[in-house]
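Engineer: Residue numbers (our numbering): 480 to 873.
Backbone N, C-alpha and C define an ideal beta-carbon position, used for all residues, glycine too.
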Amino acid sequence: MTENDIPATQMVVDPRFMPVADQFFRMFFSPGQGGGALTCYLHGECVLDIWAGWAARDKRWKRDTVVLSFSTGKGVASTVLHRLAERGLVKYDSPVAQYWPEFAAAGKDAITVRELMSHRAGLHKARGLVPGRFGLLDSEAVAAALAAAPPDPRRLAGPGYHAVTYGNLVAEVAARASGKSFEELVRTEIAEPLGMDEFWYRVPQDQRHRIARVFPKINFLPAPWATAGAVLARTPGLRGLAEAGMAEGFDELMRSSRAHDSVMPGWNGVFTARALARMYAALACGGAIDDVRFLEEDTVRQLTEVQTRGRDYVLGIRANWRLGYHPGWVASRHQPLRSVGHYGFGGSGAFADPETGLSVAFVTNRLGNTFTTISDGRFPRLGATAVAAARRAG
480 MTENDIPATQ MVVDPRFMPV ADQFFRMFFS PGQGGGALTC YLHGECVLDI
530 WAGWAARDKR WKRDTVVLSF STGKGVASTV LHRLAERGLV KYDSPVAQYW
580 PEFAAAGKDA ITVRELMSHR AGLHKARGLV PGRFGLLDSE AVAAALAAAP
630 PDPRRLAGPG YHAVTYGNLV AEVAARASGK SFEELVRTEI AEPLGMDEFW
680 YRVPQDQRHR IARVFPKINF LPAPWATAGA VLARTPGLRG LAEAGMAEGF
730 DELMRSSRAH DSVMPGWNGV FTARALARMY AALACGGAID DVRFLEEDTV
780 RQLTEVQTRG RDYVLGIRAN WRLGYHPGWV ASRHQPLRSV GHYGFGGSGA
830 FADPETGLSV AFVTNRLGNT FTTISDGRFP RLGATAVAAA RRAG
């Protein structure tokens, strides 16, 4: 079944994916559990497209509800750059400064696009990068600050997750190489080829009524954001995390409607699960979806290759970064080893598994649980069930 065959109000549940649907619907029984949507494609066919719960305490989640999905947007931003690379506008092993001359400052002249896309540019620091509580919304100021900043020397030993800055870096390279704004590139390189509008960083004013309210809180620590960030920035082992993700006022910024006024692809992407799953379905199927050749097979092969197995000095784990993605981590002993995707703060995410031809996308407005707002593991559990269903389906 193609997207055009599905009535505007109808859910899709392939019998083979009934266990995934059952698991999903059990998550949303009251407004306090929020809402969400889940979409799966198998071999280019939509086999699951469901939604449930509440977009706000007095508003049910609908088919067209969209939600802030945080770092999930890094995968979309990376895919834009792959589309440009395929046409020769960007080369992975060329210096970033070839496209963005100002980037060569402070000893960054040799850093390549490949290193940038695998979090090895040493520019993870968002804390103190630009002044003001809402300074991160000024994409030009952020780009200028990143171009002038010295790289962290730890980059030579391993990657350091660019939690906030990654999207700005990729967007600037893409814009410089193509001569187009990143917002236009997302529309022409992603949304239009896939026939899906809901790939937004700056959300159109006439579509903002569709945005679900995220809750309960952004700060997952017992102390105020500013205090917690300052303490963690001086704590061995946690310094990188504070530098990368705890910029001044960032908790307030992520709750503000102003977050939808700018293009900040590292964290402010707003999507439907349907749109994300369709993009990753193309990656799961060798670069094609329906009659659209979205990426060439060789490009897909390159973007699934692990670029670094070093321990990430921000996350404290071996993330095995691909070119702009991480593996599709699922709650199972048997991982989809060739998978690519990106998860976001709070639990949204999407991935493609070329081995089974599966793509899975989950978006939600409930940020974690009472113990952590980073993620409560719902998506990894759903992903594991979906991968098992795909393997049984052959």
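1. Quick check on DSSP: helix, strand or coil for R666?
2. Is it buried or exposed for E619, if we count other Cβ within 10 angstroms and need 16 for buried?
3. Could you tell me the alpha carbon to alpha carbon distance between H603 and V499, rounded to whole angstroms?
4. Going by DSSP in three states, K541 sits in which element: helix, strand or coil?
5. Taking its Cβ as the centre, do 16 or more other Cβ atoms sit within 10 Å of G820, making it buried, or is it exposed?
6. What distance in whole Å lies between the Cβ atoms of A531 and F503, which are believed to be in contact at a cut-off of 8 Å?
7. Rounded to whole angstroms, what is the Cα-Cα separation between L673 and L774?
8. Let me confirm a value: A585 is counted as buried when at least 16 other C-beta atoms fall within 10 Å, else exposed. Which label applies?
9. Specify the secondary structure class of H522 as computed by DSSP and reduced to three states.
10. With 16 other CB atoms within 10 Å as the buried threshold, where does D685 fall?
11. Cα-Cα, which of R713, A650, M490 is closest to L625?
12. Less than 8 Å between C-beta atoms, sequence neighbours within five positions excluded: which residues of the same chain meet that for A712?
13. Threshold first: 4 residues or longer. Then list the alpha helix (DSSP H) segments lying entirely within the segment 601–636, N to C.
14. Count the other CB atoms, across all protein chains shown, that sit within 10 Å of the CB of G658; report buried if there are 16 or more and exposed otherwise.
15. Which residue marks the beginning of the alpha helix (DSSP H) containing V839, and which one marks its end?
16. Relative to the C-alpha of H688, which candidate in S736, A654, R788 has its C-alpha closest?
17. In chain order, which alpha helix (DSSP H) runs of at least 4 residues are fully inside the segment 712–755?
18. Just list the alpha helix (DSSP H) runs in the segment 548–582, keeping only unbroken ones of 4 residues or longer that don't cross its boundaries, in chain order.
19. Quick one: give me the first and last residue of the alpha helix (DSSP H) that A865 is part of.
Structural biologist: For this structure:
1. Along the sequence shown, read from residue 1 onward, the residue named residue 666 stands at position 187. Looking at R666 - three-state DSSP - the assignment turns out to be helix.
2. As a first step, residue 619 is located in the sequence shown; it is residue number 140 there, counting from the start. So E619 counts as exposed.
3. Numbered from 1 along the sequence shown, position 124 holds the residue referred to as residue 603. Numbered from 1 along the sequence shown, position 20 holds the residue referred to as residue 499. When rounded, the distance between both Cα atoms is 36 Å.
4. For the purposes of this step, residue 541 is taken as residue 62 along the sequence shown, with counting starting at 1. K541 falls in the coil class under three-state DSSP.
5. In the sequence shown, counting from the first residue as 1, residue 820 sits at position 341. Per the 10 Å Cβ criterion, buried.
6. As a first step, residue 503 is located in the sequence shown; it is residue number 24 there, counting from the start. As a first step, residue 531 is located in the sequence shown; it is residue number 52 there, counting from the start. About 7 Å; that satisfies the 8 Å criterion.
7. Residue mapping note: residue 673 aligns to position 194 of the sequence shown, counting from 1. Residue mapping note: residue 774 aligns to position 295 of the sequence shown, counting from 1. C-alpha separation (whole angstroms): 11 Å.
8. Walking along the sequence shown from the start, residue 585 turns up at place 106. It is exposed - the Cβ of A585 has fewer than 16 other Cβ atoms within 10 Å.
9. Residue 522 sits at position 43 when you count from the first residue of the sequence shown. Correct three-state label for H522: coil.
10. Against the sequence shown, residue 685 aligns to sequence position 206. Exposed, because fewer than 16 other Cβ atoms sit within 10 Å of the Cβ of D685.
11. Position 146 of the sequence shown holds residue 625. Taking only the C-alpha atoms, the option nearest L625 is A650.
12. Along the sequence shown, one-based indexing puts residue 712 at 233. Excluding sequence neighbours, A712 sits near R606, R718, A721, E722, M725.
13. 618–627
14. Looking up residue 658 in the sequence shown gives position 179. With fewer than 16 other Cβ atoms within 10 Å, it is exposed.
15. In the sequence shown, the residue the question calls residue 839 occupies position 360. Not the alpha helix (DSSP H): V839 falls in the beta strand (DSSP E), residues 837–843.
16. Looking up residue 688 in the sequence shown gives position 209. It is S736.
17. 718–724, 729–734
18. 551–565
19. Counting from 1 along the sequence shown, the entry for residue 865 is found at position 386. Note, A865: alpha helix (DSSP H), 857–872.
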